[in-house]
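Here's the structure we're looking at; comments come further down.
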Amino acid sequence: MAPALFSRLVTLASSLVLLSGLAVLWRHSLAAYIRTFARQSFLIVLAILLIAAQERDVRLCVVAALVLVLKVVLIPRVLHRVQRHVAADFEIHPYVNTPLSLVITGILTLLSYAVAAPVVSLADLPTRGGIPLALATVFVGLFIIISRRSALSQIIGFLILENGIALLAVLATFGVPLIVELGVFLDVLLGVLVMQVFVYRIRETFDTIDVDRMKDLRH
Amino acid sequence: MLLIALLACPLLAAGLAAPGILARASVARAGAALSGLAFLLSIVLAGRVLAGGVVSFGPEEFLRADGLSAVLLLVVTGVGFVALWFGEGGARPPAAGAEGGAEPGRRYHALAGLFLFTMLLAITVNNVGVMWVAIEATTIATAFLIGLHRSKAALEASWKYILIGSVGIALAFVGTVLAYFNFVQRVGGTPYALHWTVLSRVAVLLDPDVTRLAFVFVLVGYGTKAGLAPMHTWLPDAHSEAPAPISAMMSGSLLAVALYAILRFKVVVDACLGTAFTDRMLMLTALLTLAVAALLLTRQANYKRLLAYSSVEHMGLMCLGSALGTAGVIAALLHALSHAAAKSMTILLAGAIRDRYGTTSLASVRGLLRVMPWTGALFAAGILALLGLPPAGLFLSEMLLLRAGFTAGRTWVMGIVLTLLAMIFVAILTHLNRMLYGEPPEGTSRGDQPGRLLPLGLNLAVLIVLGLWIPGPLARLLGRAAEIFAP
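Protein chains in written order, with our numbering: chain D, 1 to 219; chain A, 220 to 706.
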C-alpha cells in the first residue's frame, strides 16, 4: 500500500474510533451504549489489521484476534447479560446534558491535540496522524465516567478509555511487547468481570444502578 | 531462585485455600505461616543485596531486586505476615458468616494470597509494563475483599475503589506506552525496551518533551493508587470499609508499592531531564496531599477514616522525601518502614475496637483504656508513633526528612510542612484523648486477650529500634537504595 494512502486510512480509522466514543453522548439506551462499544472495538481491530498488513507483523495479527474475541464478542456479551438482568435500559439523567457534553468533548479533543504535540513531532511514523485522536478517545472515556450516573455507563466509559489506550499503543509503538499486551488483556477481562459482579450487588442492595444514590460515605 | 521462592509463598497460600485441600482453620494458619516464610526470605534477600548489589532471575534480569526493591519487600512481607497472623487469631473477616454460600472464608484467604503475590511481583519485576499489570491486578484482588461486608457503605466504597483505581492505573499505562514509544523512536525497538534497567541506561537519549508528558501521566496514574491528592478520594472509603488485615496491608504496603512505581520512573526521567522537574512535581503533590489530610483530619468523626487520612498524610511525607535528593529518599524509605509498622498495628487494633464497641464512630468510643487496657494502650502507642513522637521510628525519619529539606534549601516548603504537621498533631491527639478516657457506653464488656496481641510485638520492636538508631545493615541497605537516585 502506498504510504500516503496507508497514513490516511489509519487516520480515518482513528477518527471513526473517536466518533463512536462520542456516539455514547447522544444515545440514551444502555443497550445502544454496549453496541457502540462493540463497534468501536471492531474499528480498532480493523486499524490493527491495517497496520499489521502494512508492517507485515504477525504479532499484531495475534493482538487483533485477541481484541476481536475479547472486546467485540466476549465483553459486550457479558454486558448485555448484565443489562438484561438488572432490567435497566435507559440512562438516568446524566449530570451533563447532550449539547454541553458535545461542547466539552470538543474542547477535550482540542486539548489532546495540544497534549500530543510533542509526541507527534517526535514520531516519524505514518500512523502519527491518529495519535491525538487516540488520546482524545481516552479523555472522552474519562468524561463519560464522570458525567454518567448509571454504573453500567461508567463501565462503558472505562472500556472506551481502555480502547483509546489500546489504539494509542498500536499507533505510537505498533504494539507494546506481547507479554505486557497479554497482561493488559487479562486485567481488562478480570476488571470487567469484577465490575459486573458489583453492578449486580448494587442493583440488589439499592434497587437501582444509579450510583448517585450511593452517598453514605462523605469526608 | 530466591526470588521465585519468595513469589511462590503467597501463591501457594492462595492455592491451599481452594476447597478440599485443607480444613478451613488450617487455611488461615497456612496463609500466616507462608507469609512468615516470605518475610524471612525477604530478610535473606536483603542480605544478598547488601553483599552483591542485585539479585536477579531469568533472561535479561526479568525478576530483579536491588536496594529499593529489598526495602519494599521487607515492608510488604512484614505487614503481610503480621496482618495475616493477627487476623488468623480470632478476628475472622467480619462478614464471613453473612455471605453464606461458597465458603467465603476460603475466598478471603485465596484473594489475600493473590493480593500479596501481586504486590511482591510489582516490586521484583524489571519490566515496567509487567509492573503495571501487577499493580492493576492488586485492584482486582482487593475489590472483593473490601466488599466482603456487603453493606451499603462497603458496596459504595468498593465501587469507587475499583472505578477510580482502574481509571487511574489506566492513565499510568498511557505514561508507560509513551515511555516505550520514546524509547523505540530514539533508540530503536528491542524486546527489552520496557525493562527498567534498559530504560534507565539509555534515558539520556530520550526526547525531553515526551519524557515530561509520560511522567505526568505516571504521576497521576500511580499517584491515584498511592493516595496522593487530589486523586485520593477513594482511599478513606476503601481503607475504612475493608476488613482490618486487608486494610492494614493496603495502608501499610500497597500505597508504598504505588509510590515505588513512581520512583522507578523518576530515576529514568531524572536521567533525561535532571531532577528539577520531577522534584517540583512531587513537592507540589506532597504539599497538596498534606493540606488535604490536615483539613479532613480535623473534622473526622470516624476512627477508621481517621487512620485512612493519616495514611494520606504519611504518603504525602514520603512523596516529599523522594523530592529532596538522596538524603530525602533515605528518609522517605525509612518513613515507609516505620509507617508500615505503626499503621498496620493501629489498623489491626482498630478492627478489635470495632468488634467490641460495634461502631466506628469516634463519638461512641469512650473509656477505651478501661474497656480494653492492653489494646487501648497499644493503640495509643501506635497513634503517638504516627504523630511522630519519640522514641518511635517515625520521629527519626521525620527529623531526617526535615533535615534533608532544610539542607536542600527548601526553607519555605519545610515551613508549610511543619505548620500542617502541627495541625494534624493537634487534631489526632484531641480525637485520641476522647477515645481513651471517659465513661464507656453501657453494656460494653470489659477485658482483653493480651495473648492475641502477640504478632504486634514485631511492629513494636521495629518502631522502637528504628526510633533509637538505624542498625548498620539497614543503613547500608537504605544507602544502596538511595544510590539509584544519585545524579
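Just so it is clear, CB atoms sit at the ideal spot from N, CA and C, and this is done for glycine as well.
For clarity, every value in this text was computed on a predicted model and none was experimentally measured.
Taking a C-beta distance under 8 angstroms as the contact criterion, residue 564 of chain A and residue 474 of chain A do not qualify as a contact pair.
In this model, residue 637 of chain A and residue 606 of chain A are separated by some 12 angstroms (Cα to Cα). The beta carbon of residue 406 of chain A lies closer than 7 angstroms to those of 421 and 424 in the same chain, with the five residues before and after it left out. At a C-beta separation below 8 angstroms, residue 179 of chain D has these neighbours in chain A: 346, 348 and 349. Per DSSP, reduced to three states, the secondary structure at residue 283 of chain A is strand. Contact check for residue 156 of chain D against residue 378 of chain A fails: the beta carbons are separated by 8 angstroms or more. The shortest CA-to-CA distance from residue 62 of chain D to any of D/111, D/175 and D/147 is the one to D/175. At least one beta carbon of chain A lies nearer than 8 angstroms to the beta carbon of residue 168 of chain D. Residue 336 of chain A sits away from residue 457 of chain A, with the two beta carbons spaced by 8 angstroms or more. Of the candidates D/217, D/36 and D/144, D/144 places its Cα closest to the Cα of residue 104 of chain D. For residue 276 of chain A, the enclosing beta strand (DSSP E) stretches over residues 274-276.
Nearest neighbour of residue 328 of chain A by Cα position, chosen from A/245, A/576 and A/460, turns out to be A/245. Residue pairing by DSSP places residue 521 of chain A opposite A/580 in a beta bridge.
Close partners of residue 91 of chain D in chain A (Cβ separation under 7 angstroms) are lacking, with about 17 angstroms as the shortest Cβ gap. Under a criterion of Cβ atoms nearer than 9 angstroms, the residues of chain A adjacent to residue 151 of chain D are, in order, 378 and 382. In this structure, the beta-carbon distance from residue 282 of chain A to residue 343 of chain A falls below 8 angstroms. An exposed status is given to residue 649 of chain A, since fewer than 16 other beta-carbon atoms sit within 10 Å of its beta-carbon. A residue is called buried once 16 or more other Cβ atoms fall within 10 Å of its Cβ, and residue 690 of chain A, having fewer, is exposed. Taking a cut-off of 8 angstroms for Cβ pairs, the segment 623-634 of chain A and the segment 559-579 of chain A do not touch, as fewer than three such pairs fall below it. Residue 223 of chain A and residue 258 of chain A do not touch by the CB rule: their CB atoms are close to 17 angstroms apart, not below 8 angstroms.
Using a Cβ distance threshold of 8 angstroms, residue 381 of chain A and residue 362 of chain A count as a contacting pair. Annotated three-state conformation of residue 652 of chain A is helix, per DSSP. At a Cβ-Cβ threshold of 8 angstroms, residue 427 of chain A and residue 306 of chain A do not count as neighbours. In this structure, the alpha-carbon of residue 505 of chain A lies about 42 angstroms from that of residue 72 of chain D. Contact check for residue 396 of chain A against residue 168 of chain D passes: the beta carbons are separated by less than 8 angstroms. Nearest CB-CB separation between residue 661 of chain A and chain D: not below the 8 angstroms threshold. Taking C-beta atoms as the reference points, residue 142 of chain D and residue 82 of chain D fail to come closer than 8 angstroms.
Counting C-beta pairs with one atom in each stretch, the segment 550-557 of chain A and the segment 655-668 of chain A have fewer than three that are closer than 8 angstroms, which means they do not touch.
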